[in-house]
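Notes for the one structure printed next.
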Amino acid sequence: MERKLYKFLIINFILFLCFSNLLLAQSGGIKGKILDDQTKDPLPYANIVFISTGFGASTDFEGNYILRNIPVGTYNVKISYLGYKPIVLKIEILLNKMIEKDFRLTPESIEGIEDVVVTAQVQGQQHAINAQLNSTSVKNVVSSAKIQELPDANAAESVSRLPGISLIRTGGEGSRVVVRGLSPQYNQITIDGVELSGNVPSGLSDRGTDLSMISSNMLGSIEVIKAITPDMDATAIGGVVNFGMRKAAKGKKNRTNIFNNYLSGVELISQGSYNGLKSTYGDYKLVGSVERRYFDERLGVFIQGNVEEKNLSSNILGVGYVLEDKTHGDDGIPLLSNMSLTDVHRIRNRYGGTVTFDYEHSTGDIGFMNFLSISDTKVTKRSESFPSDAGSLTYSILNDPFTLVNYSNLLSIKQDISIFQADIKFSHSYSEREAPGTARFNFPQLNAVDATLVPELRKMHPKELATYMTRSAQSAYLLSIGYENNITKDRAYTGSVNFTTDLNLGDILTSKIKFGGAYQYRDRSYDREYWYGSMFDDGQTVALALAEQLNVEPVALGGSGSPLKTLSYYDFITKDYDYGKFLKGDYTMGEPADLDMILKASKIARANAGKNIDQVGFKKLRASSKTSDYTGSETKSAGYIMASINLGTQLTLTPGVRYQNLTTEFTGSRGLALVAGDLQDTIVTEKLSHGYFLPMVHLKYRPFTWFQIHFAYTNTLNYPAFSRITPRYLIGQNSISYNNFRLKPAKSENFDLALSIFNNEIGLFTINGFNKNITDLIFSAGKRFPTKEEIAEKYPEIPPGFVAGRNFYTYINNKHKINVYGVEVDWQTHFWYLPGFLSGIVFNINYTHIFSDAKYPRTERRSLGFDPATGTEKYKYIDTFYVARLLNQPKDIINLSIGYDYGGFSGRLSAFYQDNVFKRPNFWLQERTHSDKYFRLDLSVKQKLPWYGIQVYFNLNNITAEEETDLNQKTAYPAAQRHYGMSGDLGIKLQL
823 MERKLYKFLI INFILFLCFS NLLLAQSGGI KGKILDDQTK DPLPYANIVF
873 ISTGFGASTD FEGNYILRNI PVGTYNVKIS YLGYKPIVLK IEILLNKMIE
923 KDFRLTPESI EGIEDVVVTA QVQGQQHAIN AQLNSTSVKN VVSSAKIQEL
973 PDANAAESVS RLPGISLIRT GGEGSRVVVR GLSPQYNQIT IDGVELSGNV
1023 PSGLSDRGTD LSMISSNMLG SIEVIKAITP DMDATAIGGV VNFGMRKAAK
1073 GKKNRTNIFN NYLSGVELIS QGSYNGLKST YGDYKLVGSV ERRYFDERLG
1123 VFIQGNVEEK NLSSNILGVG YVLEDKTHGD DGIPLLSNMS LTDVHRIRNR
1173 YGGTVTFDYE HSTGDIGFMN FLSISDTKVT KRSESFPSDA GSLTYSILND
1223 PFTLVNYSNL LSIKQDISIF QADIKFSHSY SEREAPGTAR FNFPQLNAVD
1273 ATLVPELRKM HPKELATYMT RSAQSAYLLS IGYENNITKD RAYTGSVNFT
1323 TDLNLGDILT SKIKFGGAYQ YRDRSYDREY WYGSMFDDGQ TVALALAEQL
1373 NVEPVALGGS GSPLKTLSYY DFITKDYDYG KFLKGDYTMG EPADLDMILK
1423 ASKIARANAG KNIDQVGFKK LRASSKTSDY TGSETKSAGY IMASINLGTQ
1473 LTLTPGVRYQ NLTTEFTGSR GLALVAGDLQ DTIVTEKLSH GYFLPMVHLK
1523 YRPFTWFQIH FAYTNTLNYP AFSRITPRYL IGQNSISYNN FRLKPAKSEN
1573 FDLALSIFNN EIGLFTINGF NKNITDLIFS AGKRFPTKEE IAEKYPEIPP
1623 GFVAGRNFYT YINNKHKINV YGVEVDWQTH FWYLPGFLSG IVFNINYTHI
1673 FSDAKYPRTE RRSLGFDPAT GTEKYKYIDT FYVARLLNQP KDIINLSIGY
1723 DYGGFSGRLS AFYQDNVFKR PNFWLQERTH SDKYFRLDLS VKQKLPWYGI
1773 QVYFNLNNIT AEEETDLNQK TAYPAAQRHY GMSGDLGIKL QL
């Protein structure tokens, strides 16, 4: 079938070439730039339209336009750009000639005012509006001018101001993006259109990307594409977040006139920061860049480097609830099962850089982008956990340093070849996440709470329960130690070729045909080494070595009278660390552990680790070390064809189809867990392929000059997490954990309808409704009890003799369709027409409401009655489902920003509101969790000084020190609280 399809496409392509050459015989073309008449800055995404025909185009990011294959003759041509006065000129198209002509537009102004200054915030808004209106895809945009005028902390924060976007934060800083209620693993992150390698640890089981390593200062643009076109990678159920790297700007002269041209294009930023949670002033950020253009501005060079240190500490409350009495349905009251208080001390050092070259020539251009980011994070978590059924309190300290490295290289070539415009890209992307030494020490304190009070304590609010704890460092003892190293590596090579040509069937009916393909090879690996054990058995060797080398007196393990020895928590505490007002003073913590002593103890423990595989003391566990390891590769290939058909200037139809195939080949461990963490296993490799035809269509209709309708029908995919399709399984004493390497990609059928009203006074007002029908979404199957027959049919790799009596855990493609739908309302404007200082106001507001219905797998145990033959009750296990929202899906999101520009002053006040993010699914309402209302205020101001291109800026982040809180859905008691505090930045920027 595929061979016949390829033959059909080739024959039609040859006929198309012949037909096109006949049509081109009596035609010419025009190209040039559309510029701001005052500043001479390019106007990206401006429109040039041949009136009463279908000929037209939009400028690119550099303000360039080109129109080919226009029949010879004289035309009235309209040039327009929202926020500027349109112009109409007569243009004569000459036979076989490419006319070069630039156009200049002037900003709209109040009558009587001739010179209007378009400020950076206004310019940024205008660029974004015009890009959104003229895009073939459905997307939202943050322009370069807006990014550079008042930069956010990182790229994720900049994205979060767009409709339908929410963030998952680390230490208060945005790190991962949720698009339209779909978690980070369902979205694709690209740099200049090339996929960024996934860089989250394999333990998170997804393909997501941490965006905190991308500095806003190196970005030229940000796009969130919510309805793709066939020429794009289809791996994006939620959306595509594309970051455009900065290039050397054209027309930039020395801005200070004191250094001639020696330092022209140099930009320096120095910033100091304050962390309100820890009351520290030690954070800093340094950025240096230079941009130059040579050879009549044809060759551009942009180089930037940055270094940053940031305190991302937090206070965290975690509470678990369980419904023990399940006889009253939704009326039952859950009981508290555990509670933990955690102080997170997190210091992150970032080092990054980008080097970009671009060269323009008469028939195309060449670009070479290089991006590097290194993030070195040191995390120390000091916790106190209370398992409510025991009355004990456990002090824990976790040292978790890790390094994240990302770099990408992209060579792009755009070249006119006969009647085609070729766009060729070759890229390389690499990411590595290494955790070189994660150490955890646990110190239980028995009888921290009167055991007779435990039944009542489990009904209390966590804040009240905490007051009943009696802490005693002398009574707590070292029970267990954990230590691990792990490293994830991901490398991808990608090549793509795209061809575009014009096919005009008259003055009214014009079109562009685009076709091409892409190929990507990826190799990925994960390696883990894990040590764990208690101070029992051969753990006594470790305990005694610790006491001797740390020069402390051992104590009885498990209480007085025990002949076994361990160390007291009291010997590990320090007076040099202060918890401060934990969670704004609502809770208190005991005495903190000394990190330096923990690191010394960790080295001693590993040097004295046990060797006896039949004992439970501290040792390297082969099962835990090996079963998660994998190596493998993927090859992704794709081909597409699409057309953009214009019927006059009002209607544009863009149909197309994409074929995309992914072949995976991964190697993992299958084994039987033996006593004390040992493993008996074999190494297995499995290879599978999945290919899909993905039809798409976009329809844009402008019945009026101020109104546009954009409908999109698309099909997109999401591939399973790497760690879920490695061919591993582990048979334990009571359970079987099985990775389902046969998982299929999830597929989403997407519908978008965007209604836009726009003019120079309104700006852009958009209502965008969307609906996603997702099939085969991958879920955890939960605890199941499959029969031997089901195991033999679906999972034949598992030896049948190990099935009986074991719980079974795996992942499945959900057989039930999942529906995600919602509406986004967005208004962007600036009040240029108001008198006086009010004309400097820039206003943005958007609101998103999202719904979702997902059927989660569940296995029910139903009684079949008493079996007199065995004297026991018989049960039957039935696979069913329950309905809830998708994980991480918010109900409501509101973004509001008010900017103001006057002279050299620029300021922006931003507000963010989010409500009811679904955090924990469960069949029982009493064990579900959702977020509470979250309202955040940020302020950014900047003042240009009259000396040497100096600017001073000031930021306040999370002004009210708002906490993120999750609630139990039944009781509204807190299930989690995360407190980051307020932070502030003060910096100076020098532009030469």
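The opening residue of the sequence shown carries number 823 in the numbering used here; numbering runs sequentially from there. Beta carbons are placed, not taken as given, at the ideal position from N, Cα and C, and that holds for glycine.
Report the residue from Q1791, K1334, N1710 whose alpha carbon sits nearest the alpha carbon of I1241. What you label residue 1241 is simply residue 419 of the sequence shown in a count that begins at 1. Selected option, being the one with the closest Cα: K1334.
Give me, in chain order, the residues of the same chain whose beta-carbon lies closer than 7 Å to that of Q945; leave out the 5 immediate sequence neighbours on both sides. As a working note, residue 945 is residue 123 in the sequence shown. Answer for Q945: A967, listed in chain order.
Give me the Cβ distance between I892 and I901, rounded to the nearest whole Å; I'm assuming they're in contact under 8 Å. Position 70 of the sequence shown, counting from 1, holds the residue named residue 892. Position 79 of the sequence shown, counting from 1, holds the residue named residue 901. At roughly 15 Å, the Cβ-Cβ gap does not stay under 8 Å, so I892 and I901 are not in contact.
Using only alpha-carbon positions, find the residue among K1311, D1238, E1256, I1395 that is nearest to N1320. Within the sequence shown, the letter at position 498 stands for residue 1320. Ranking K1311, D1238, E1256, I1395 by Cα distance to N1320 puts D1238 first.
Can you check which of these residues, T1199, S1184, K1755, H1167, is closest to E1130 by C-alpha distance? In the sequence shown, counting from the first residue as 1, residue 1130 sits at position 308. With distances taken between Cα atoms, E1130 lies closest to T1199.
Pull up the CB-CB distance for S808 and N1228, whole angstroms please, since I reckon it's below 8 Å. Because the chain in this structure spans residues 823 to 1814, residue 808 falls outside the shown range and cannot be described.
Between the alpha carbons of M1035 and S1197, how many angstroms are there, rounded? Within the sequence shown, numbered from 1, the residue matching residue 1035 stands at position 213. Within the sequence shown, numbered from 1, the residue matching residue 1197 stands at position 375. About 6 Å.
G946 - containing alpha helix (DSSP H), residue span: Here residue 946 corresponds to residue number 124 of the sequence shown, with the count starting at 1. Counting along the chain, the alpha helix (DSSP H) containing G946 begins and ends at 942 to 956.
Could you work out which residue in V1276, E1146, G1140, I1553 is closest to L1496 when comparing CA atoms only? The residue labelled residue 1496 in the question sits at position 674 within the sequence shown. Minimum Cα distance to L1496 is reached at I1553.
Taking 8 Å as the threshold (C-beta atoms), are N1779 and A975 in contact? Position 153 of the sequence shown, counted from the start, is the residue given in the question as residue 975. Position 957 of the sequence shown, counted from the start, is the residue given in the question as residue 1779. Result yes, Cβ atoms of A975 and N1779 sit closer than 8 Å.
Is the segment 1286 to 1296 in contact with the segment 1305 to 1315, if contact means three or more CB pairs nearer than 8 Å? no
On the DSSP bridge list, what partners appear for D1701? Indexing the sequence shown from 1 puts residue 1701 at position 879. DSSP output for D1701 lists T1681 as bridge partner(s).
How would you write the range of the beta strand (DSSP E) that R1168 sits in, first residue to last? Here the question's residue 1168 lines up with position 346 in the sequence shown. 1157 to 1183 is the span of the beta strand (DSSP E), which, as asked, contains R1168.
Could you spell out where the alpha helix (DSSP H) holding E1831 opens and where it closes? The question about residue 1831 has no answer here: the residues shown for the chain are numbered 823 through 1814.
To the nearest angstrom, report how far apart K1698 and G1687 are at their CA atoms. Working through the sequence shown from its first residue, we reach residue 1698 at position 876. Working through the sequence shown from its first residue, we reach residue 1687 at position 865. Roughly 10 Å between the two C-alpha positions.
Out of V1016, L1808, L1300, F1703, state which residue places its alpha-carbon closest to the alpha-carbon of S1356. As a first step, residue 1356 must be located in the sequence shown, where it is residue number 534. The residue with the shortest Cα to Cα distance from S1356 is L1300.
State the DSSP-derived secondary structure class of I1810, mapped to helix, strand or coil. The sequence position of residue 1810 within the sequence shown is 988, counting from 1. Strand at I1810.
CB of V1144 within 8 Å of CB of E1749, strictly: Indexing the sequence shown from 1 puts residue 1144 at position 322. Indexing the sequence shown from 1 puts residue 1749 at position 927. The answer is yes: Cβ separation under 8 Å.
By Cβ distance below 6 Å, which residues in the same chain neighbour I1246 in space, the five residues on each side in sequence not counted? Within the sequence shown, numbered from 1, the residue matching residue 1246 stands at position 424. Once the five neighbours on either side are set aside, the close Cβ partners of I1246 are I1235, V1319.
Using 8 Å for Cβ pairs, my map puts N1160 next to S1207. What's the rounded Cβ distance? To locate residue 1160, count along the sequence shown from 1; it is residue 338. To locate residue 1207, count along the sequence shown from 1; it is residue 385. About 6 Å; that satisfies the 8 Å criterion.
What are the boundary residues of the alpha helix (DSSP H) that K1425 is part of? Taking the first residue of the sequence shown as 1, we reach residue 1425 at position 603. Where K1425 is concerned, the enclosing alpha helix (DSSP H) stretches over 1417 to 1429.
What's the gap between the Cα of V1645 and the Cα of G1591? As a first step, residue 1645 is located in the sequence shown; it is residue number 823 there, counting from the start. As a first step, residue 1591 is located in the sequence shown; it is residue number 769 there, counting from the start. Between V1645 and G1591, the C-alpha separation is close to 4 Å.
Secondary structure of S1570, DSSP reduced to three states: Looking up residue 1570 in the sequence shown gives position 748. In the structure shown, S1570 sits in a strand (DSSP, three-state: E or B).
Can you say whether R1800 is buried or exposed, counting buried as having 16 or more other CB atoms within 10 angstroms of its CB? Counted from its first residue, the sequence shown places residue 1800 at position 978. Buried is the call here.
Write down the C-beta distance between S1805 and S1095 rounded to the nearest angstrom, noting that I regard them as a contact closer than 8 Å. What you label residue 1805 is simply residue 983 of the sequence shown in a count that begins at 1. What you label residue 1095 is simply residue 273 of the sequence shown in a count that begins at 1. Going by Cβ atoms, the distance from S1805 to S1095 rounds to 6 Å, so yes, they are a contact pair.
Have a look at the DSSP bridge pairing and note the partners of A1049. Residue numbering aside, residue 1049 sits at position 227 when the sequence shown is read from its first letter. Per DSSP, V960.
Applying the criterion that 16 or more other CB atoms from any shown protein chain within 10 Å of the CB defines a buried residue, is Q1267 buried or exposed? Residue mapping note: residue 1267 aligns to position 445 of the sequence shown, counting from 1. Q1267 is buried by the Cβ-count criterion.
Check whether S982 and G1003 have beta carbons under 8 Å apart: Sequence index remark: in the sequence shown, residue 982 carries index 160 (1-based). Sequence index remark: in the sequence shown, residue 1003 carries index 181 (1-based). No; because the gap between Cβ atoms is not below 8 Å, this pair is not in contact.
Does the count of Cβ pairs from the segment 1054 to 1073 and the segment 1536 to 1547 closer than 8 Å reach three? yes
Closest Cα partner of I1716 within the set P973, V940, P1517, G986: Looking up residue 1716 in the sequence shown gives position 894. Per the Cα distances, G986.
Should G1662 be labelled buried (16 or more other beta-carbon atoms within 10 Å of its own) or exposed? The count along the sequence shown starts at 1 and reaches residue 1662 at position 840. With 16 or more other Cβ atoms within 10 Å, it is buried.
Could you spell out where the alpha helix (DSSP H) holding Q1371 opens and where it closes? Residue numbering aside, residue 1371 sits at position 549 when the sequence shown is read from its first letter. Note, Q1371: alpha helix (DSSP H), 1361 to 1372.
Among T1486, T1474, G1585, G1493, the one whose alpha carbon lies nearest that of W1528: Here the question's residue 1528 lines up with position 706 in the sequence shown. Considering only alpha carbons, the answer is G1585.
Would you list the residues sitting across from N1128 in a DSSP beta bridge? As a working mapping, residue 1128 is identified with position 306 in the sequence shown. V1109, G1174, per the DSSP bridge assignment.
Residue from Y1354, F1776, Y1722, S1602 whose Cα sits closest to the Cα of L1709: Reading the sequence shown from its first residue, position 887 is the one you call residue 1709. Comparing Cα-Cα distances from L1709 to each of Y1354, F1776, Y1722, S1602, the minimum goes to S1602.
Could you check how far apart the C-beta atoms of N1777 and D1807 are, in whole angstroms? I think they sit under 8 Å. Numbered from its first residue, the sequence shown carries residue 1777 at position 955. Numbered from its first residue, the sequence shown carries residue 1807 at position 985. Indeed, because the Cβ distance is near 4 Å, the residues count as touching under 8 Å.
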